[in-house]
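Student: Per our numbering, the sequence shown starts with residue 1415, numbered consecutively.
Ideal placement from N, C-alpha and C gives every residue a C-beta, glycine not left out.
Okay, handing you the structure first.
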Amino acid sequence: MLILVISVIAFILICFILNLIDKNKEKLKEKLKIQQQEVMSCPNCSAEYEDLSLKVCKNCNTSLEKKTKCNISKKTKRKLFCVVIGIILIIAVLIISSIFINNYIEEQERIKKYNEDINLCYELIKDKSDWEEFKDIVDNHSQETNFEPEAFEKLYQAIDERIENIKNGNEDKQLLAMLNAIKEDFSSDTTSNTILQKINERYLIVNSYSNINKSNEYIQGQKYKEAFDLLNTVISQNKDKNQEIVNIATNKQNEIKDNAFEQIINEAQTQINNQDYSSAQKTLENYKDLENQTILDMYNSATNEVNRIEAERKAKEAEEERKRKQAEIDAKKDKIIVDTDGKRIYKVYMTSNKFSISGNFKGNGHFSVKLLDDNQDFYDLLVNEIGDYVVNTSTDVVKGNYYYLQIECTRGTWNLSWSGTYGS
Ligand SMILES: [Zn+2]
């Protein structure tokens, strides 16, 4: 922009000088001792002749023309040369200095913007919890390598100042939410491990002081057990990391220890009275190693009850399983399902692909033996005789299926045995 302005000024200046020269031509001529002389000039080869009576060029025979020529002395020529060079130098100096001034102003503006944005980054984190806007600003300065680390220093500073506020007992849910958002953004970005680590450290501190504040609320509401548990979480999370927080939480726990134990014992006692031993066990479990004999005794007796009940349950289950298996076996045994005068039906379970039957019938009546399938539909006729008969036959069956063996007779007795079924 500045270069353009300078160029325009230079142009106007040159025009003005040319105009001045034009207006003061005569004066200049006098001053510079310029003398005019008429000569004959050749339009073809540019040869000049002082002899005004000459009509044609001696070189090329072209018609000559009359021309007025300015004679400038060598001294004047040198002076003019110096003036021109001087003007050119002045213009060059003007252009170069304008470039320098322009760069200087641009750099000043950049520094101003840089500082303003660094401060804005701080304010966004300190007052507005606006992590998204913070990211946008950092992105806008991606060409300046120093900006991002400097902006993050401001971010840590703002967070630390807000942590002080939480330490003083004030709630700051927005800070936790913002730290969560930052954590999420960096969790997949393996190049920013340092940032993630610093944010995680601060997240733990913020969360821990918030929990300490919450446990104070519990204590005020006489919820000592809840307060004790929350402080336990704080201590275990900060162990070997933030000794100051561990100390605060431990001291607070010691203050409410007796009250908390009393509430735990009461709760467990109610559960034991209701014979809910496993709940009592759970209630006491986390406190049994805290050197309170009552809690330890209660825990042990609740555990014994839980184990006894569990053993009983297992024994009952085993007995039920045994019965179920027995029933399964019994179901496969040969079973008489019909036994009327002259007709007997056995339900049988095949343990082989061949069913064999043997024995005899004594009498003068009709004697038949049939096999029915598991739908009680006819499958095979094994015996169909009148009078004494010796049975010895077999048939193909399907192993693992149920069949019905139907024996009928009139006037006589039979004696049979068979193989291929589960038996009795
Ligand atoms: Zn000529």
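1) Flag this pair as yes or no: are the beta carbons of TYR1816 and TYR1760 separated by less than 8 Å?
2) Does DSSP put SER1487 in a helix, a strand or coil?
3) Where does LEU1478 land, buried or exposed, given buried means 16+ other C-beta within 10 angstroms?
4) For ASP1810, report the span of its beta strand (DSSP E) as first-last.
5) Ends of the beta strand (DSSP E) at SER1706?
6) Taking GLU1547 and LEU1538 to be in contact with their CB atoms under 8 Å, please state how far apart those CB atoms are, rounded to whole angstroms.
7) How far does the alpha helix (DSSP H) with ILE1686 in it reach, from first residue to last?
8) Between ILE1662, ILE1613, LYS1655, which has its C-alpha nearest ASN1630's C-alpha?
9) Based on Cα-Cα distance, which residue from LYS1639, ASN1656, ASP1703, GLN1695 lies nearest to ALA1674?
10) Name the residue from LYS1549, ASN1516, GLU1699 whose alpha carbon lies nearest to the alpha carbon of VAL1720.
11) Report yes if the C-beta distance between LYS1739 and TYR1836 is below 8 Å; otherwise report no.
12) Any heavy atom of ligand 1 closer than 7 Å to the Cβ of ALA1506?
13) Taking ILE1486 as the reference, give the member of VAL1811, TYR1793, GLN1450 with the closest Cα.
14) Does the structure place the stretch 1648-1664 close enough to the stretch 1680-1692 that three or more beta carbon pairs sit under 8 Å?
15) Bridge partners of GLN1451, per DSSP?
16) Which residue marks the beginning of the alpha helix (DSSP H) containing GLU1799, and which one marks its end?
17) For LEU1830, which beta-bridge partners are listed by DSSP?
18) Would you mind stating whether ILE1532 and ALA1572 have Cβ atoms separated by less than 8 Å?
19) Give the DSSP-derived three-state secondary structure of TYR1518 in the structure shown.
Tutor: Per the coordinate set shown:
1) Translated into the one-based positions of the sequence shown, residue 1816 becomes position 402. Translated into the one-based positions of the sequence shown, residue 1760 becomes position 346. Contact flag unset, no.
2) Along the sequence shown, one-based indexing puts residue 1487 at 73. DSSP places SER1487 in coil when its eight states are reduced to three.
3) As a working note, residue 1478 is residue 64 in the sequence shown. Under this definition LEU1478 is a buried residue.
4) As a position in the sequence shown, residue 1810 is number 396, starting the count at 1. 1803-1810 is the extent of the beta strand (DSSP E) around ASP1810.
5) For this step, residue 1706 is matched to residue 292 along the sequence shown. Before going on, a small fix: residue 1706 reads as Asn here, not Ser. Taken as a continuous stretch (DSSP letters only), ASN1706 belongs to no beta strand (DSSP E), as it is neither H nor E.
6) Start at 1 with the first residue of the sequence shown, and residue 1547 comes out as number 133. Start at 1 with the first residue of the sequence shown, and residue 1538 comes out as number 124. About 5 Å separates the two Cβ atoms, so the contact holds.
7) Translated into the one-based positions of the sequence shown, residue 1686 becomes position 272. Segment 1657-1687, the alpha helix (DSSP H) holding ILE1686.
8) Counting from 1 along the sequence shown, the entry for residue 1630 is found at position 216. Among ILE1662, ILE1613, LYS1655, the Cα nearest to that of ASN1630 belongs to ILE1662.
9) For the purposes of this step, residue 1674 is identified with residue 260 of the sequence shown, where counting begins at 1. Selected option, being the one with the closest Cα: LYS1639.
10) Within the sequence shown, residue 1720 is the residue found at index 306, counting from 1. Nearest of LYS1549, ASN1516, GLU1699 to VAL1720, Cα basis: GLU1699.
11) Counting from one through the sequence shown, the residue named residue 1739 turns up at place 325. Counting from one through the sequence shown, the residue named residue 1836 turns up at place 422. It is not a contact, given that the beta carbons lie outside the stated cut-off.
12) Here the question's residue 1506 lines up with position 92 in the sequence shown. ALA1506 Cβ: outside cutoff for every heavy atom of ligand 1.
13) Residue numbering aside, residue 1486 sits at position 72 when the sequence shown is read from its first letter. The shortest C-alpha separation from ILE1486 is found at GLN1450.
14) no
15) The residue you call residue 1451 lines up with position 37 of the sequence shown. For GLN1451, which the question treats as bridged, DSSP gives the partners LYS1483.
16) To locate residue 1799, count along the sequence shown from 1; it is residue 385. Element bounds for GLU1799: not the alpha helix (DSSP H) but the beta strand (DSSP E), 1792-1800.
17) By 1-based counting over the sequence shown, the position of residue 1830 is 416. Paired residue(s): GLY1773.
18) As a first step, residue 1532 must be located in the sequence shown, where it is residue number 118. As a first step, residue 1572 must be located in the sequence shown, where it is residue number 158. No, they are not a contact pair.
19) Residue mapping note: residue 1518 aligns to position 104 of the sequence shown, counting from 1. Helix.
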